[in-house]
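Enquirer: Chains as they are written, first to last, in the numbering used here: chain A, 1 to 475; chain B, 476 to 958.
Every residue, glycine too, gets a C-beta built ideally from N, C-alpha and C.
The model shown is predicted, which means the values in this text are computed figures rather than measured ones.
Before I ask anything, let me first share the structure, which is written out below as structure tokens.
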């Protein structure tokens, strides 16, 4: 029997506002426990929330970028449940009238585009953290995170594999970082997701019973958790049993999902409109202002790179895929006349170094100015490409200035053709056997002579001149 | 010299004429508190700070509006460094790190907060019998309730201990005790006074207000209580008038709405008589009686008892023993921590309302109860809106009768809920409303309710003040008629 998978994602994006959604408390990550907590975050008796407009502006940027409807009047509701890290005993969220509704985003799977519709994106406050492993027999509560603004992005159940789910998550991450509304830092929990997975027989229209996988925060685990869950549900169904609607927790150490609570045990959240907050109204002027400040998005950038700069499609895709890459490309290109060469180096050697260390380009020692200069020195023949690689490696190590490296190490390319001819003659004289073999038809040996000249000049010879001279001398 | 039963104006004059010092006033207040301990009207006293402030004022005389005026604060307002219990065991040990905006406003106007008054637990009650700290006694009679929930505030003003007190009103909690204790109390328009620092019962209904011996004193206090507060998004950003300005305006040609849908037949004849006599007083002042209808008025009580418990069930969730307030000892696990803390910490009435509220908000019942109640609330508000196109104020009795005996309604919550019949609709509609003394039956006071249009506290105060100019019901005290 063949099965089809139906997946929907709820992604929680932590918005990069300075203060919390309903208080002046700081949202900075990593502070000492319970130091970024004000009266409101603590839920003290008598305190009242005041909505942070900046969070609305960021949510609207997202809505505009996914072509969604923006509700210029949106409201807050209370979601009631008890947990020690939820100070008020309810979470303030947007249930009935979210700020963003009905958008979509494109993902690419095996070179094919697919559109995933986004049902809604709503603002809500984050909870604090319960700390179970620090105090013997007791649980600690850290409220630093309590009240941090989240944008919960809910997709339609239109994702059909773990791979697609990851592609969708990546697309959202790319977008929110481009929009500068979230730092995209998965390790610090800036993006987390809940996954709804169900299975149905191929060609059956009715959806199967779903299980919700909670709070997964890495691409790797999303894929593993979904694949585990798909296998589990197929196993259950093929055994003639039925899938139970429940919330499951993914255990990354054991690579399995475990039941957390069933539908019967699920909380009745007793949603109702939050009486402490009036509807938030975004004026036409505010909306216009946000629209006019929207940054260029990846797709537009890709098109521009191809049509205006003449990059290869593959290069344009890679460079526009992340905000830091695109920034580096655009800033470095402004320092040199050869944007194509910037792109080639960015996609080639620079990307290789980034992948090796698994970092983003803005975390490296390479500044856009220095990178632009490096490319300029290649294109004005001050150094060869080969030398440039070693210069790049040195910058990578310590961030030194390109010109200083070239000068202090004497890396300037040898342009003097009479000097190069002298060296070439010396090489030819001391390798008579190879000369004989080359002239006897072993063309490949030409590279040997080039290599010897480069070796003699410590790589500084202009390769074009060397080629020209050797061709002349060996003919 | 004594300040007993004196008005704010009189006390201020005594101070400025140096007939009495600020410290002497505070000493008198605390002597009277001790003598009236049987009233059980205070939960926490603020004696040391009060003397300090009085000393300061003696050395630095000021002409602030409330300079040196001793005021009792309902124990529902957070007071920085001073225990705030809301009448509940669960907050028995709670000392707030901040003060309510109302408290800050009053204190920066020079008043001396002498202590925190007893109240029904979390303001849920109409008799002050639900307080964890025991019931308050009405100064008018040993076994009489003072009304609730601002019963302590009403009692200390009625007993002449202080000239004024703060109260809060969610369904009648200022007006009903004002009526039963023979004082004047005003619930302003919803949003007039900041709710920041008021421990929430039902957020969309709660409103603070003044309780004093006259409309004029209420106006003086109200001037200082009001402010637009950015910390409360429901606080109205409206011009705040000088509430004393229109006190003496003639009532000639002004219109009083008489609610035809109100069935007074279930009330005692004497209660109706007191009500009608006061209406006559207004007509002889030149006002005109106009029949109005509020067709949905009878739905007020059921509507209120869906919305208020719903909001309270959520508002009171934060009292879980985790962060502040009382925590039960040695819970075995998290659930036990919650269950024990809340079982021990809350009284029966609070539990009853949390249960009702949780029920009406639960999945499957929300539409039938909470949503429906909100729709009815809108209808009630519309009724008032159309009535106020024809009249300046609306008058009703404040309560169904005079103060009742302690324990007499304890076993039947519905009977207790009906106490709020006349007062609740003003909260649902967000309108200002006042109770002022308008009679006396068997030496027990009774109140008249004046409901005003949105933001029109001035008209209420005008009607009340003109009435108090020609009557002396507000001068009656448990010690007899004040000279």
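Applying the 10 Å Cβ sphere with the 16-neighbour rule, what's the burial state of residue 476/B?
Expert: Stepping through the second chain from its first residue, residue 476/B is reached at position 1. Exposed: under 16 other Cβ atoms inside 10 Å.
Enquirer: Starting from residue 940/B, trace the alpha helix (DSSP H) in both directions and tell me its first and last residue.
Expert: Reading the second chain from its first residue, position 465 is the one you call residue 940/B. 932–945 is the extent of the alpha helix (DSSP H) around residue 940/B.
Enquirer: Mind the definition here: the segment 513–525 of chain B touches the segment 564–577 of chain B only if three or more C-beta pairs lie below 8 Å; say whether that holds.
Expert: Counting C-beta pairs closer than 8 Å gives fewer than three between the segment 513–525 of chain B and the segment 564–577 of chain B, which falls short of the contact rule.
Enquirer: Going along chain A, which residues have a C-beta under 7 Å from residue 786/B?
Expert: As a position in the second chain, residue 786/B is number 311, starting the count at 1. Listed by position along chain A, the residues whose Cβ is nearer than 7 Å to that of residue 786/B are 275.
Enquirer: Tell me whether residue 621/B is buried or exposed, calling it buried when 16 or more other Cβ atoms sit within 10 Å of its Cβ.
Expert: Taking the second chain and counting its residues from 1, the one referred to as residue 621/B is at position 146. It is buried - the Cβ of residue 621/B has at least 16 other Cβ atoms within 10 Å.
Enquirer: So residue 836/B contacts chain A; which residues on that side make the cut at Cβ distance below 7 Å?
Expert: In the second chain, residue 836/B corresponds to position 361, counting from 1. Correct list: 270 and 272.
Enquirer: Name the DSSP beta bridge partners of residue 193/A, please?
Expert: Position 193 of the first chain, counting from 1, holds the residue named residue 193/A. Answer is 11/A and 216/A, bridged to residue 193/A.
Enquirer: For residue 43/A, return the contacting residues in chain B, with the cut-off set at a CB-CB distance below 8 Å.
Expert: Taking the first chain and counting its residues from 1, the one referred to as residue 43/A is at position 43. Residues of chain B with a Cβ closer than 8 Å to the Cβ of residue 43/A are, in chain order, 793 and 798.
Enquirer: When the distance is taken between beta carbons, is residue 855/B closer than 7 Å to residue 928/B?
Expert: What you label residue 928/B is simply residue 453 of the second chain in a count that begins at 1. What you label residue 855/B is simply residue 380 of the second chain in a count that begins at 1. Not a contact, by the Cβ cut-off of 7 Å.
Enquirer: Provide the residue(s) that pair with residue 520/B in DSSP beta bridges, ordered along the chain.
Expert: By one-based count along the second chain, residue 520/B stands at place 45. As DSSP reads the structure, residue 520/B sits in a beta bridge with 590/B.
Enquirer: Secondary structure at residue 356/A, three-state DSSP: helix, strand or coil?
Expert: Working through the first chain from its first residue, we reach residue 356/A at position 356. The answer is helix: DSSP assigns residue 356/A an H, G or I state.
Enquirer: Going by alpha carbons, who is nearest to residue 31/A out of 106/A, 49/A and 146/A?
Expert: As a first step, residue 31/A must be located in the first chain, where it is residue number 31. Looking at the Cα atoms, 146/A is the closest of the given residues.
Enquirer: Chain B partners of residue 287/A, CB-CB under 8 Å?
Expert: One-based indexing of the first chain puts residue 287/A at position 287. Within 8 Å of the CB of residue 287/A, no CB atom of chain B is found; the nearest one sits about 21 Å away.
Enquirer: Looking only at C-alpha atoms, which of 113/A, 440/A, 391/A and 351/A sits nearest to residue 318/A?
Expert: In the first chain, residue 318/A corresponds to position 318, counting from 1. With distances taken between Cα atoms, residue 318/A lies closest to 351/A.
Enquirer: Any beta carbon from chain B within less than 7 Å of residue 243/A's own beta carbon?
Expert: Position 243 of the first chain, counting from 1, holds the residue named residue 243/A. Residue 243/A does not count as touching chain B.
Enquirer: So, does the CB of residue 845/B fall closer than 7 Å to a CB anywhere in chain A?
Expert: Here residue 845/B refers to the residue found at position 370 when the second chain is read from its first residue. So, interface residue.
Enquirer: To which residues of the same chain is residue 758/B closer than 7 Å at the C-beta, ignoring the five residues directly before and after it?
Expert: As a first step, residue 758/B must be located in the second chain, where it is residue number 283. Excluding sequence neighbours, residue 758/B sits near 764.
Enquirer: Going along the chain, which residues of the segment 697–730 of chain B sit with their C-beta nearer than 8 Å to a C-beta in chain A?
Expert: 705, 706, 707, 708 and 709
Enquirer: Say whether the segment 885–900 of chain B touches the segment 791–806 of chain B, bearing in mind that this needs 3 or more beta-carbon pairs closer than 8 Å, one atom from each stretch.
Expert: no
Enquirer: Short of 7 Å Cβ to Cβ, which residues in the segment 76–98 of chain A face chain E?
Expert: Protein chains A and B are contained in the structure displayed, whereas chain E is not.
Enquirer: Buried or exposed: which applies to residue 251/A, given that a residue is buried once 16 or more other Cβ atoms fall within 10 Å of its Cβ?
Expert: The count along the first chain starts at 1 and reaches residue 251/A at position 251. Its Cβ having fewer than 16 others within 10 Å, residue 251/A is exposed.
Enquirer: Going by DSSP in three states, residue 703/B sits in which element: helix, strand or coil?
Expert: The residue given as residue 703/B occupies position 228 in the second chain. In this structure, residue 703/B counts as coil in the three-state DSSP scheme.
Enquirer: Under 7 Å between the Cβ atoms of residue 746/B and residue 876/B?
Expert: The sequence position of residue 746/B within the second chain is 271, counting from 1. The sequence position of residue 876/B within the second chain is 401, counting from 1. For residue 746/B and residue 876/B, yes; Cβs fall inside 7 Å.
Enquirer: Which residue marks the beginning of the beta strand (DSSP E) containing residue 271/A, and which one marks its end?
Expert: Taking the first residue of the first chain as position 1, residue 271/A is located at position 271. Segment: none, residue 271/A is in no beta strand (DSSP E) and carries neither H nor E.
Enquirer: So, for residue 199/A: in the same chain, excluding its five sequence neighbours on each side, which residues have a beta-carbon less than 8 Å away from its beta-carbon?
Expert: Counting from one through the first chain, the residue named residue 199/A turns up at place 199. Taken in chain order, the residues that qualify are 3, 4, 5, 6, 208, 230, 233, 234, 237 and 243.
Enquirer: Under 7 Å Cβ to Cβ from residue 202/A, same chain only, skipping five residues before and after it: list those, please.
Expert: Here residue 202/A refers to the residue found at position 202 of the first chain. These residues qualify, in order along the chain: 2, 3 and 4.
Enquirer: Please decide whether residue 457/B counts as near chain A, where near means a Cβ-Cβ distance under 7 Å.
Expert: One cannot answer for residue 457/B here, as it falls past the ends of chain B, which runs 476 to 958.
Enquirer: Taking 7 Å as the cut-off, decide whether the C-beta atoms of residue 558/B and residue 519/B are in contact.
Expert: Start at 1 with the first residue of the second chain, and residue 558/B comes out as number 83. Start at 1 with the first residue of the second chain, and residue 519/B comes out as number 44. Yes.
Enquirer: Excluding sequence positions up to five away, which residues of its chain have a Cβ less than 8 Å from the Cβ of residue 895/B?
Expert: Counting from one through the second chain, the residue named residue 895/B turns up at place 420. Counting only Cβ-Cβ distances below 8 Å, and skipping sequence neighbours, we find 601, 646, 647, 651, 776 and 779.
Enquirer: For residue 613/B, is the classification buried or exposed, using 16 other Cβ atoms within 10 angstroms of its Cβ as the cut-off for buried?
Expert: Taking the first residue of the second chain as 1, we reach residue 613/B at position 138. Flag for residue 613/B reads buried.
Enquirer: Select from the segment 535–560 of chain B all residues with a C-beta closer than 7 Å to any C-beta belonging to chain A, and list them in chain order.
Expert: Cβ contacts with chain A: 553.
Enquirer: What is the rounded straight-line gap between the Cα of residue 957/B and the Cα of residue 619/B?
Expert: Here residue 957/B corresponds to residue number 482 of the second chain, with the count starting at 1. Here residue 619/B corresponds to residue number 144 of the second chain, with the count starting at 1. Cα to Cα, residue 957/B sits roughly 22 Å from residue 619/B.
Enquirer: For a test of the three-state rule: what should DSSP assign to residue 3/A, helix, strand or coil?
Expert: Start at 1 with the first residue of the first chain, and residue 3/A comes out as number 3. Correct three-state label for residue 3/A: strand.
Enquirer: Determine whether the beta carbon atoms of residue 1020/B and residue 707/B lie at a separation below 7 Å.
Expert: Residue 1020/B falls outside the range modelled here, since chain B spans only 476 to 958, and no answer is possible.
Enquirer: In whole angstroms, give me the CA-to-CA distance for residue 879/B and residue 608/B.
Expert: The residue you call residue 879/B lines up with position 404 of the second chain. The residue you call residue 608/B lines up with position 133 of the second chain. Taking the straight line joining both Cα atoms gives about 20 Å.
Enquirer: Should residue 339/A go down as buried or exposed, given a rule of 16 or more other Cβ atoms within 10 Å for buried?
Expert: Taking the first residue of the first chain as 1, we reach residue 339/A at position 339. Residue 339/A should be labelled buried.
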